[in-house]
Amino acid sequence: MTALDIASAVAAGERSARSVVEEHLDRIADRERDICAFNHVMADEARAAAEGIDAAVARGDEVGPLAGVPVAVKDSLCTRGTPTTCSSRILEGWHPPYDATVVERLRAADAIIIGKTNLDEFCMGSSTEHSAFGPTRNPHDLTRVPGGSSGGSAAAVAAGFAPLALGSDTGGSVRQPAALCGVVGMKPTYGAVSRYGLIAFASSLDQIGPMAVSVADAAALYEVIAGLDPLDSTSLDPAVSGPTGRRCCDGVGEQERAAGVEGLRIGVVAELCGTGGPGSEAGVKGLAADVLARVDEAVSALETAGAVVEPVSVPSARLGLSAYYLIAPAEASSNLARYDGVRFGLRVAGDTTAEMNTNTRTAGFGAEVKRRIMLGTYALSAGYYDAFYGKALRVRTLMRRELAAAYERFDLLVCPTAPTTAFELGAKTADPLTMYFNDVCTVPSNLAGHPAISIPFGAGEDGLPVGVQLLGPTLAEVPAGRSALWRAAVVLEQSAADLTGAGPGR
Amino acid sequence: MSAAASALHEPALPADWELVVGLEVHVELTTATKLFCGCANRFGDEPNTNVCPTCLGLPGSLPVVNAKAVELAMRLGRALGCGVETSVFARKNYFYPDMPKNYQISQYDRPTNTAGRLELPDGSVVGIERAHIEEDTGKTTHMGFGGRIHDAVYSLVDYNRAGVPLVEIVSRPDITTTEAARAYVSELRAILVATGVSDARMQEGSMRVDANVSVRPTGTGELRTRCEIKNLNSLRSLGRAIAYEARRHVDLWTGGEQPRQQTRHWDETAGRTTAGRSKEEAEDYRYFPEPDLVPVLAPDAAVAAVDAAMPPLPAARRAALSAIGSIPAEAAALLVERGQDHLVSAAVRAGADPELIVTRVVNDLAVEDWSKVTGEGLAAVVAMESAGDLTATQAKQVLAELVASGGDPAAIARSRGFEALADDDLEVVVDRVIKAHPGEWSRFCTGDDADRKKMTGFLTGRVMRATRGRADGAAVSRLLVSNAG
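Taken in sequence, the protein lines are chains A and B. Residue numbers for the first sequence follow my numbering, so the first one is 903 and each next one is one higher. Residue numbers for the second sequence follow my numbering, so the first one is 5 and each next one is one higher.
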């Protein structure tokens, strides 16, 4: 059942929210021991919320658009009174005194938060193996990683623990795990969703995004969480700022499905679509052939559906990863300075305040977090700033310009989401650069602040899911469900279903 | 405080050396709420009561700029003749327990206010480099268990001050005397108060001064190694600290040594500066643009609105005062600083003598709240005093009641029975006092000057007691002298 199906059944009184919650808690009881998607399952809170919704339905009150739908929330999002750890020892035992704006909006929509999902510590990783509380496993193959950093959220959706999940995406952390777990994952335009209450990794890149079993569900969740927030100075009002000036809509309707992609101009990013196509000699190396084969099929499907498809070169796409791995750690080195043992979370005693700070951070942060704090501190240091951080900002500007030029010719761009299907646990932990390469196709959207969506499209040679990524310009995802980005996503979703003989969702 | 009195504590420089000072002044803005959150900006509350996730730097919290703080900063900038530009907040990264995020949100390469000037009352001009907005830190109190420095200690942090809006005004190194340094701070303070930007109280810490001090051979114009003296909290400390530090530099240079660039602290009791952190091991603040905030725009219309709403500045107000009568410069400065110049003008418009009014206001209205006193009321009191209807003592009492409860001065005088004694009646009382105190009277008549002065006080006191204060002191003196023949 999709999230929208659940919501309409609950609102109509055909299903109780309580039964929905029990069904999902049962699945969690069955498989969570093996998958480890959650840091914290909120069974009691979920049951109480469900009863509240059932009572409202019984009274005949109007209920929210996600009434009774269980949502798994990444543990980088603050939930009032519920442990929020970012999968770090340094925040173990911390109970935020407030809800993130997106959490408030979920509650207001009558969604049910079913648990806090595992992630790479402070969102730094692509496999969820950098969690201080142990890795999450891919529901499709327990020897494989779910991707990361929102690996717990992706696994929760893929395992049927919740039809919807929230992740956060700094360099691909929603889209890459969505691809590896075979679910839909979308990174909104920077500012479309408030970051208030999202524990910061790299503030200029972080965006919260929906993960779902279907494109329509993802659009519905996006619609609930998006919108201007006075608590986030960088937030936009998609309803006002959108290219159409129209308000967000109510999911993907039949009319929009019918509209399809007829006449849409879609560019195939040569640098990220590897072998064979024009311009591919300048492309990045290391994209798997089976993934690229699925992307080719997706491109054909779009063309068959009436889109005008052409290759496009975005030369800076080759530099994106390097720029990203300077900008993100630089901001992180500052964002993570507040974990000092003074006011909250872990404190390890020392003879002086400075010693206490050092002891706390030494014990509280994992190796990858320490590595990035050091990288970022170095990149911002006097004497190195221009060579590293400054140059990375110039690459960012270059990439914005090149993408803006591409969007003068194209409505959307297409490329893989991740270079490979899900890899085995431990395969990449010894070499950080190999791990960082996972983000090569996703970081351009973060650097540009643009929206992008990963749609499951068939499987690799190992039978594991492949994700195809659609990229759009600023606010291309507005209005939710109807804009070019969503329409193309729906076409891909349908083509994938036709190819494999399975329908979207469950 | 006169320049001469202060100079006694300020070692002078040899004539071939010149002082070079640039001042960095931090002022707290008078906003109702903090710079990046909705918590109250209030001094003196219970510790850690005005706090929230944002000013405590809790994970996930975000700053939002207080528009009023920006407006006040722009107002100050325009009052200092600065260019007001689109500005960008930046993070200044360093660890300190009273700084919740371990970075301070400040402005770096794009401050709100650039390149201005401050004219001192003597007409000289000090250039303003910039005046930028930043957030304050919390306040740490170090608690010791024993008297010894090695005993275990702990620290308490109050975050009420964390996130309070500050503007830092950075002068150019144009100041070459301690007098000018003090005049600069006084004038800046007057501007801050006049524009309502800050209450600028040095004692409460809402105005804090750091001085960058160096010396150079007179007339060379060069800039030598400077030391920064932190947190000077009075004008007296400012002058003394600068003078001490300059002398120390001259001694080092003339002894063949070179001062080290460092932060120093002023010890008021010992009267000297001591070394703090050396700048050679200085922190690298790793400034970068604050990604949680967007640039603060300064469109022409906003700057024009700030200009249009600009209240009269202290220099103009002093000039307006001196235009209405011969008023000493110090009195004019004091009246403007207290905001009582409008009262004086109103009283003069109501017909009072400017000099008498100024004396009365300077001496008798040094109070926190004088809002009930009107120009007309003040003029009436002074008029009654000039006409001899009130003695000086009585006038003070009437004024005190005006301050406390307002009202009509004539009615107050009547209700208190203040009608000056007729001269005939006063003569009778004086005669009686002389007869009652023959010893004192004889010392008054035959003693030396000191004796005579002392006895005048004694006898006048007796007359005042007998008349319950209604006698005019000057008239009593006259009668005593004439009786002594």
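Glycine is no exception: its CB is placed at the ideal position from the N, C-alpha and C atoms.
In this structure, the straight-line span from the alpha carbon of Cys1343 of chain A to that of Val1368 of chain A is close to 13 Å.
Every alpha helix (DSSP H) of 4 residues or more that sits fully in the stretch 321-409 of chain B is shown, in chain order, as 333-342, 345-353, 358-368, 379-390, 396-409.
For Ala1350 of chain A, the closest Cβ of chain B is not nearer than 9 Å. Taking 9 Å as the cut-off, the Cβ atoms of Leu1166 of chain A and Tyr1227 of chain A do not count as close.
Interface criterion not met: the Cβ of Cys1175 of chain A is under 9 Å from no Cβ in chain B. Under the three-state reduction of DSSP output, Thr278 of chain B falls in the strand class. Contact with chain B is absent for Ile1127 of chain A, since none of that chain's Cβ atoms lies less than 9 Å from the residue's Cβ. Nearest CB-CB separation between Asp1242 of chain A and chain B: below the 9 Å threshold. Sequence-ordered contacts of the stretch 289-316 of chain B with chain A read Tyr289, Arg290, Tyr291, Phe292, Pro293, Glu294, Pro295, Asp296, Leu297, Val298 [C-beta pairs closer than 9 Å]. Under the 10 Å beta carbon count, Asp453 of chain B is surrounded by fewer than 16 other beta carbons and is classified as exposed. Leu60 of chain B has a beta carbon lying within less than 9 Å of a beta carbon in chain A.
Going by beta carbons, Asp1313 of chain A and Ala1225 of chain A fall outside the 9 Å limit. Its Cα nearest to that of Gly1268 of chain A, the residue A:Ala1034 stands out among A:Cys1317, A:Ala1034, A:Tyr1338, A:Gly995. Not a single CB atom of chain A sits nearer than 9 Å to the CB of Phe47 of chain B. Residue burial annotation: Lys38 of chain B is buried, with at least 16 other C-beta atoms found within 10 angstroms of its C-beta. Using a Cβ distance threshold of 9 Å, Leu1082 of chain A and Gly1036 of chain A do not count as a contacting pair. With contact defined as three or more Cβ pairs closer than 8 Å, the stretch 226-235 of chain B and the stretch 264-271 of chain B are in contact. Using a CB distance cut-off of 9 Å, Arg1097 of chain A counts as an interface residue toward chain B. As a beta-bridge residue in DSSP terms, Gly1017 of chain A pairs with A:Val943, A:Ala974.
Looking at the DSSP output, Gly1369 of chain A shares a beta bridge with A:Pro1358. If you look at Trp21 of chain B, you'll find it in the beta strand (DSSP E) that goes 21-32. Nearest CB-CB separation between Asn106 of chain B and chain A: below the 9 Å threshold. With a threshold of 9 Å between beta carbons, Gly280 of chain B makes no contact with chain A.
If you draw a 10 Å sphere on the C-beta of Gln398 of chain B, you find 16 or more other C-beta atoms in it, and that means buried.
The DSSP-derived three-state label of Gln1078 of chain A is helix. Look at the stretch 1307-1352 of chain A and you find these whole runs of beta strand (DSSP E), each 3 residues long or longer: 1314-1318.
Between Asp296 of chain B and Leu60 of chain B the beta-carbon gap is near 15 Å, outside 8 Å, which marks them as no contact. For Asp1288 of chain A, no chain B residue has a C-beta closer than 9 Å to its own C-beta; the minimum C-beta separation is roughly 12 Å. The beta carbon of Asp1108 of chain A sits closer than 7 Å to those of Ser1070, Thr1072, Arg1097, Leu1100, Ala1102, all from its chain and outside the five residues before and after it, given in chain order. Contacts with chain A at 9 Å (Cβ-Cβ) do not include Gly167 of chain B. At a cut-off of 9 Å between beta-carbon atoms, Pro177 of chain B makes no contact with chain A. Taken in chain order, the whole beta strand (DSSP E) runs of length 3 or more contained in the stretch 1161-1244 of chain A are 1167-1171, 1210-1214. Residue range 169-175 is occupied by the beta strand (DSSP E) that includes Ser175 of chain B.
Judged by beta-carbon spacing, Val310 of chain B lies beyond the 9 Å limit of Thr90 of chain B, meaning their Cβ atoms are not closer than that value. Secondary structure of Ser1397 of chain A (DSSP, three-state): helix.
Under the three-pair Cβ rule at 8 Å, the stretch 1311-1325 of chain A does not count as touching the stretch 1230-1242 of chain A.
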